[in-house]
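Under our numbering, the first residue of the sequence shown is numbered 136, with each subsequent residue one higher. Have a look at the structure below before the remarks.
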Amino acid sequence: HYTLTGGSTPTTGSQLDVQLNLTMADLDAIKYGRQIALSVDTTFAYVASGLLQNSQGQSVTAVASSSAKQVSTYTADAVAPTLLEYGIDLNSNTMTLTFSEPVNLTTLDTTALTLYNAASGAPTHLTRTGGHNSLVPPSAYT
């Protein structure tokens with residue numbers, strides 16, 4: 136399970152349907168674990184009575200976790216992560232890649248990463264040899 140830490144509603148007043156805009160932190164946390172919200176079958180919600188009140192100040196009736204409500208409308212994540220920026224530290228032998236959303240580290244394929252010596256020019260490939268990542272100069276490949 137995951138408990139939201141924030142969010143906002145774009146409208147005010149009395150509403151039957153309340154749209155909640157998730158925070159990026161909550162959205163990332165939901166996507167990162169991926170044991171919930173994978174499909175309709177893995178998306179349920181339960182609520183405490185303090186979630187909302189009606190115009191007379193009465194709290195919403197709680198929905199217990201044992202009676203969690205299944206989602207009625209579900210839209211799967213169809214947005215691929217994009218590389219926002221990266222950094223390289225040649226003293227600590229590390230490269231940090233920053234993406235637009237959480238990524239699954241077990242799917243990392245370093246052979247899909249190419250470094251260039253200019254914005255457009257001859258590539259220097261990052262390859263994996265003997266369990267280690269190593270740079271191969273352009274003269275080493277044909």
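Ideal placement from N, C-alpha and C gives every residue a C-beta, glycine not left out.
Element boundaries [beta strand (DSSP E), containing residue i]
{"i": "Asp152", "result": "Counting along the chain, Asp152 falls outside any beta strand (DSSP E), and DSSP gives it neither H nor E."}
{"i": "Gly168", "result": "From DSSP, Gly168 is part of no beta strand (DSSP E) but of the alpha helix (DSSP H) over 159-168."}
{"i": "Thr138", "result": "That residue, Thr138, is in no beta strand (DSSP E); it is neither H nor E in DSSP."}
Under the three-state DSSP convention, the category residue i falls into
{"i": "Leu250", "result": "strand"}
{"i": "Leu219", "result": "strand"}
{"i": "Ser143", "result": "strand"}
{"i": "Ser174", "result": "coil"}
Nonlocal neighbours in the same chain, by C-beta distance under 7 Å from residue i, ignoring five residues either side
{"i": "Ser184", "result": "Ser194, Val195, Thr196, Ala197"}
{"i": "Thr140", "result": "Thr158, Ala160, Asp161"}
{"i": "Thr231", "result": "Tyr221, Gly222"}
Contacts around residue i, its chain only, beta-carbon distance under 8 Å, and the 5 residues preceding and following it disregarded
{"i": "Asp163", "result": "Glu236, Pro237"}
{"i": "Gly142", "result": "Leu155, Asn156, Leu157, Thr158, Asp161"}
Buried/exposed call for residue i, threshold 16 Cβ in 10 Å
{"i": "Leu151", "result": "exposed"}
Are the stretch 157-170 and the stretch 234-251 touching by the rule of at least three beta carbon pairs closer than 8 Å?
yes
Do three or more CB pairs link the stretch 170-189 to the stretch 202-221 at distances below 8 Å?
yes
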